[in-house]
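Input: a single structure, listed below in structure tokens.
In full-length UniProt numbering, the protein residues as written are 1 to 172.
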């Protein structure tokens with residue numbers, strides 16, 4: 001700084017003018033290098049120009065999506081979603097026709113069977129189902145199966161439901 005008694009807006013203006021002057025000087029040096037008179041070293045500026053693959057090339061969508069999933073740490077949620085989205089492929093068409101996954105929490109998959117008979121069959125096949133699921137979506141995604149039959153009807157609502165506790169003289 002040539003003038004030490006500058007302060008406030010004058011000082012800010014002086015610093016800004018000096019920075020602009022340095023920028024113009026640097027820009028003029030690089031433009032001279034680029035335009036050249038044909039007598040230069042013949043070297044190309046660094047960049048992506050030229051043959052061969054580079055990151056700007058078109059990419060397959062699946063490959064890009066897979067990289068994004070790994071970068072964000074979404075492998076486990078993706079595997080969990082695969083259990084629900086591809087249930088028929090994971091367990092096979094026969095079992096999938098008579099059951100459906102309901103919930104997956106903490107590695108425990110809750111499966112609802114079409115009937116109590118199918119629920120019993122699926123309980124006997126639990127080890128096989130766990131191996132199939134692990135083979136399709138990976139280990140430690142589903143660690144245990146909770147299999148139950150269809151939900152029983154609720155009698156707490158309906159046209160013949162009496163509000164309150166009802167009459168108490170049934171056994172009296």
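C-beta atoms are modelled at their ideal positions from N, C-alpha and C, and glycine is treated no differently.
All values reported here derive from a predicted model rather than from experimental measurement.
Check	Outcome
Proximity to residue 136 [Cα-Cα], best of 104, 87, 101	87
Distance, residue 111 Cα to residue 117 Cα	14 Å
Alpha helix (DSSP H) runs contained entirely in the stretch 92–120, provided each spans 4 or more residues	93–98
Bounding residues of the beta strand (DSSP E) (the contiguous stretch that carries residue 145)	144–148
Rounded distance between the beta-carbons of residue 114 and residue 153, thought under 8 Å	Residue 153 to residue 114, Cβ: 16 Å. No contact.
Classification of residue 28 by the beta-carbon crowding that lies within 10 angstroms, buried from 16 upward	exposed
Cutoff 6 Å; reference residue 78; Cβ partners in own chain excluding five residues on either side	69
Opening and closing residue of the alpha helix (DSSP H) in which residue 130 lies	126–137
Where residue 74 falls: helix, strand or coil (DSSP)	coil
Candidates 90, 95, 99: closest to residue 131 by CA position	90
Three-state secondary structure (DSSP) of residue 152	coil
Outcome for residue 83 when other beta-carbon atoms lying within 10 angstroms are tallied against a minimum of 16	buried
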